[in-house]
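Here the structure is laid out as structure tokens; the discussion comes afterwards.
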Amino acid sequence: MHKLNIIFMGTPDFAVPTLELLAKNFNISLVVTTPDKQAGRGLKMQPSPVKLKASELHLPLAQPISLKDPSFIKQIKQLNPDFIVVVAFRIVPNEILSIPKYGTINLHPSLLPKYRGPSPMQWAIINGEESTGVTTILLNEQIDGGPILLQNTEPIYDTDNFQSLHDRLKIKGAQLVVDSIIGLVNNTINPIKQELIYEQEKFYAPKITKEICKLDLDKSCKYNWRVVRALSPKPAAFVYLINSKKNKLVLKIFDADYKLCNSMPGQFIILDKNTFAIGCSDGILIPKTVALEGRKKMSKSEFLRGLQEKEKLFFQ
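Numbering (my numbering), first residue to last: -10 to 305.
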């Protein structure tokens, strides 16, 4: 069998292990990623993690502003790919999806059809799932709706936050993509239409907004604990801290415990000289690592030491 010709499309860190593993096993004729963007305090132009890895591996690179650019589509056609692999990228137009010999494979970090959408890992944690996984599909005009090739399950631990789950799934997903390519070429995979898969519950995984990041203290402490884990380290869950002057400070929470007990939603509770808690509907959320907006992370004890008029504080 000739060495398969692959075009890879991806942007963030999640896509990097797949690119690395593909480069070890196949010929990567082109890596497609987003144009460099201004970022950081100096607003310097920053390349995507995929661009950095492609440069390190000395792979051909394209950064089209539009995937519908006729010259870009012509470039893809001239490369005559066996596969296009898409991981955490933009919506790929149908004109490109139809170019490769075997099809366009997409890696999605959930067990489809559950958690279609842009934030599947976060919502799996928020909803208290005990497991999730990775799925490869053949891309079609439906977003996250193409036929399923392979799936691999991964447990979600109580100690997991978004970052730890993300870091396991990106490795597991890379191998699944390679296995999917080999299976399609050897005709050992029968793609399954998602419409044929029975779901007890359909969960969509919408984009994480500021409204989702704000903790709802009228909900259970365990629910808010899951939100903290799902959004850590970025963008981070937050509450408003209200002082005696009715000033509203944003307090980001990166790590927390919870405890069922009698409490009032929004109550500021000092447990000891180093520990505070936030009242929820059925118990308390106990932050461990926090940051006031625009400031560095600090421990719960550092945060407490810097507060004045603690008895007049409450959360919203």
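Built from N, CA and C at the ideal position, the CB exists for glycine as well.
Chain-order list of residues whose beta-carbon lies under 6 Å from that of residue i (same chain, five-residue window excluded)
{"i": "Val228", "result": "Leu204, Leu240, Phe304"}
{"i": "Pro98", "result": "Pro109, Met110, Val123, Leu158"}
{"i": "Ser37", "result": "Thr0, Thr22, Thr23"}
{"i": "Ala280", "result": "Lys241, Lys286"}
{"i": "Pro276", "result": "Ile242, Ala245, Lys289"}
Beta carbon of residue i nearer than 9 Å to that of residue j
{"i": "Ile73", "j": "Val81", "result": "yes"}
{"i": "Leu274", "j": "Ala245", "result": "yes"}
{"i": "Ile170", "j": "Leu(-7)", "result": "yes"}
{"i": "Gly272", "j": "Ser209", "result": "yes"}
{"i": "Lys40", "j": "Leu50", "result": "yes"}
{"i": "Thr148", "j": "Thr121", "result": "no"}
{"i": "Arg105", "j": "Ala194", "result": "yes"}
{"i": "Leu19", "j": "Leu68", "result": "yes"}
{"i": "Phe265", "j": "Leu238", "result": "no"}
{"i": "Ile88", "j": "Lys57", "result": "no"}
{"i": "Ile178", "j": "Asp71", "result": "no"}
{"i": "Val76", "j": "Phe3", "result": "yes"}
{"i": "Lys248", "j": "Pro107", "result": "no"}
{"i": "Ile114", "j": "Arg218", "result": "yes"}
{"i": "Ser288", "j": "Lys262", "result": "no"}
{"i": "Arg215", "j": "Gly117", "result": "yes"}
{"i": "Tyr91", "j": "Val174", "result": "yes"}
{"i": "Ser233", "j": "Glu298", "result": "yes"}
As assigned by DSSP and simplified to three states, the class of residue i
{"i": "Leu56", "result": "coil"}
{"i": "Pro38", "result": "helix"}
{"i": "Phe292", "result": "helix"}
{"i": "Ala123", "result": "Note on identity: in this sequence residue 123 is Val, with Ala being the wrong assignment. Here Val123 sits in strand by DSSP."}
{"i": "Thr7", "result": "helix"}
{"i": "Val81", "result": "coil"}
{"i": "Lys90", "result": "coil"}
{"i": "Pro222", "result": "coil"}
{"i": "Phe265", "result": "strand"}
{"i": "Ile62", "result": "helix"}
{"i": "Ile137", "result": "strand"}
{"i": "Lys182", "result": "coil"}
{"i": "Leu2", "result": "Note that residue 2 is Asp in the sequence shown here, rather than Leu. Correct three-state label for Asp2: helix."}
{"i": "Asn213", "result": "helix"}
{"i": "Ile132", "result": "coil"}
Other residues of its chain near residue i: CB distance less than 7 Å, five sequence neighbours each side excluded
{"i": "Ile126", "result": "Asn95, His97, Leu101, Gly135, Pro136, Ile137, Leu138"}
{"i": "Gly268", "result": "Leu206, Ser252, Met253, Pro254, Gly255, Gln256, Ile258"}
{"i": "Leu46", "result": "Ala12"}
{"i": "Ile17", "result": "Ile(-5), Phe(-3), Leu11, Leu48"}
{"i": "Trp112", "result": "Tyr104, Phe192, Ala194"}
{"i": "Asn14", "result": "Val167"}
{"i": "Lys186", "result": "Per the sequence presented here, residue 186 reads as Ile, with Lys not at that position. Hits under 7 Å: Pro102."}
Own chain partners of residue i with C-beta closer than 8 Å, once the 5 adjacent residues on each side are dropped
{"i": "Gln27", "result": "Lys33, Met34, Gln35"}
{"i": "Asp25", "result": "Met34, Gln35, Pro36, Ser37, Lys40, Gln52"}
{"i": "Glu84", "result": "Lys57, Ile62"}
{"i": "Glu9", "result": "Lys42, Leu46, Ala163"}
{"i": "Gly172", "result": "Leu138, Leu139, Ile178"}
Anticipated Cβ contact below 8 Å, residue i with residue j, distance rounded
{"i": "Pro144", "j": "Glu184", "result": "That belief does not hold up - the Cβ atoms of Pro144 and Glu184 are roughly 28 Å apart, past 8 Å."}
{"i": "Phe243", "j": "Pro224", "result": "At roughly 11 Å, the Cβ-Cβ gap does not stay under 8 Å, so Phe243 and Pro224 are not in contact."}
{"i": "Lys286", "j": "Thr278", "result": "6 Å"}
{"i": "Ala226", "j": "Cys250", "result": "21 Å between Cβ atoms; not a contact."}
{"i": "Pro6", "j": "Ile160", "result": "5 Å"}
One or two residues paired with residue i in a DSSP bridge
{"i": "Thr23", "result": "Paired residue(s): none; Thr23 is not in a bridge."}
{"i": "Arg157", "result": "Bridge partners of Arg157: none, in fact."}
{"i": "Phe(-3)", "result": "Val20, Val74"}
{"i": "Leu240", "result": "Val228, Leu281"}
{"i": "Arg105", "result": "Tyr193"}
{"i": "Thr198", "result": "None, per the DSSP bridge assignment."}
{"i": "Met287", "result": "Val279"}
{"i": "Gln256", "result": "Phe303"}
{"i": "Lys33", "result": "Ala28"}
{"i": "Thr142", "result": "Gly122"}
Test: residue i CB closer than 9 Å to a CB of chain D
{"i": "Tyr187", "result": "Judged by its chain identifiers, the structure shown contains no chain D, having just a single protein chain."}
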